[in-house]
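>
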Amino acid sequence: MIMRIQKKMAEAGIASRRKCEEIIKQGRVMVNGKVAKVGDIAYEKDRIIVDGKPIEKKKKTYTMMNKPIGFVTTVSEGHGMRTVMQLIKLKERLFPVGRLDKNTEGLLLITNDGELANKLTHPSHKIWKKYEAWLSRPFKDAEKLKKGIIVGGIKANIKLKTVQGRTVILEIHEGRKHIVRKIFGKLGYNVTKLRRTQIGPLKLGKLAKGTWRYLKEYELRGLFHKI
Ligand code: URA
Numbered sequence: 019m020i021m022r023i024q025k026k027m028a029e030a031g032i033a034s035r036r037k038c039e040e041i042i043k044q045g046r047v048m049v050n051g052k053v054a055k056v057g058d059i060a061y062e063k064d065r066i067i068v069d070g071k072p073i074e075k076k077k078k079t080y081t082m083m084n085k086p087i088g089f090v091t092t093v094s095e096g097h098g099m100r101t102v103m104q105l106i107k108l109k110e111r112l113f114p115v116g117r118l119d120k121n122t123e124g125l126l127l128i129t130n131d132g133e134l135a136n137k138l139t140h141p142s143h144k145i146w147k148k149y150e151a152w153l154s155r156p157f158k159d160a161e162k163l164k165k166g167i168i169v170g171g172i173k174a175n176i177k178l179k180t181v182q183g184r185t186v187i188l189e190i191h192e193g194r195k196h197i198v199r200k201i202f203g204k205l206g207y208n209v210t211k212l213r214r215t216q217i218g219p220l221k222l223g224k225l226a227k228g229t230w231r232y233l234k235e236y237e238l239r240g241l242f243h244k245i
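With our numbering applied, the sequence shown covers 19 to 245.
As structure tokens, this is what we get:
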């Protein structure tokens, strides 16, 4: 991947991006044997040396999980609750992208790529997520839902996909806490089961509950294309 040198240095854990710019200005960075300037571009094959030491590329890991209910989506949990990270035993330090409630199941992206995580969760990127919701009674308010529902003074935009009795499939692009449950709550329905099945182009598919796998090349390309 092509990237500015300061960003590459920051990703390798040298310092913050701004601090890396200072280090470059101080003439402490060499790229392929030449002193680098702030804003220079580095290619994958380039050899970047800071204070005489080559920077190490941190391997990026991208996984997806079918989160089961009963697990929280934090990295560490001090209240005896089980976390999704206990289901994924890898030596890299990974973290879940965005959140799912303890009693929500389905697709969760888990990675160590902070940049991708930021972009996927930032509202400006409008990444649509698909949910299947099972309700306490048959759903009869499709028209109201399509118009958007005000939650906490802000309108939640919704794409209604299908309604089949008590089961509703919808898409939203925001990540406010309990947002799907609140949307249905506003219309007088209880959500008895909630499952996320898609994040942007990434689909849950047939991944068994409680298991995880690495993302495939085409899935990663799809995600990066979206942001
Ligand atoms: N909306 C919810 O209400 N819960 C989730 O876990 C995700 C979206």
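We treat Cβ as the ideally placed atom computed from N, Cα and C, and that holds for glycine.
Check each candidate in Leu233, Val186, Asp119 and name the one with the smallest Cα separation from Tyr149.
Val186
> Using DSSP's beta-bridge definition, name the partner residues of Lys209.
It should be pointed out that residue 209 corresponds to Val in this sequence rather than to Lys. Paired residue(s): Leu153.
> Can you tell me whether Thr229 sits near the ligand URA, meaning its C-beta is under 7 angstroms from at least one heavy atom of the ligand?
no
> Indicate, with yes or no, if the ligand URA has a heavy atom lying under 7 angstroms from the CB of Thr122.
yes
> In the DSSP assignment, what are the bridge partners of Glu123?
Arg213
> Can you name, in chain order, every residue of its own chain whose Cβ lies under 8 angstroms from the Cβ of Ile32, other than the five neighbours on each side?
Cβ-Cβ distances below 8 angstroms link Ile32 to Cys38, Ile41, Val68, Ile73 in the same chain, with the five nearest sequence neighbours on each side left out; the list follows chain order.
> Residues bridged to Glu189 by DSSP?
Lys148, Lys177
> For Lys52, list the residues DSSP reports as bridge partners.
Val49
> I need the straight-line Cα distance from Ile145 to Ile197, nearest angstrom please.
15 angstroms
> Roughly how far, in whole angstroms, is the beta-carbon of Thr89 from the beta-carbon of Leu105, given that I think they are within contact range, below 8 angstroms?
Just to set this straight, residue 89 is Phe in the shown sequence, not Thr. Right, the Cβ-Cβ distance comes to about 7 angstroms (below 8 angstroms), so this counts as a contact.
> Can the beta-carbon of Pro114 be found less than 8 angstroms from the beta-carbon of Thr79?
no
> Would you mind working out which of Leu178, Leu222, Trp230 sits nearest Thr129, comparing C-alpha positions?
The shortest CA-to-CA distance from Thr129 to any of Leu178, Leu222, Trp230 is the one to Trp230.
> Among Gly228, Lys75, Lys221, which residue has its Cα nearest to the Cα of Glu237?
Lys221
> Determine the contact status of Val181 and Ala151, defining contact as a CB-CB distance below 8 angstroms.
no
> Taking the alpha helix (DSSP H) that Val169 belongs to, which residues open and close that run?
Val169 -> not in any alpha helix (DSSP H); beta strand (DSSP E) instead, spanning 167-169.
> DSSP has Gln182 in a bridge; who is on the other side?
In the DSSP assignment, the residues bridged to Gln182 are Thr185.
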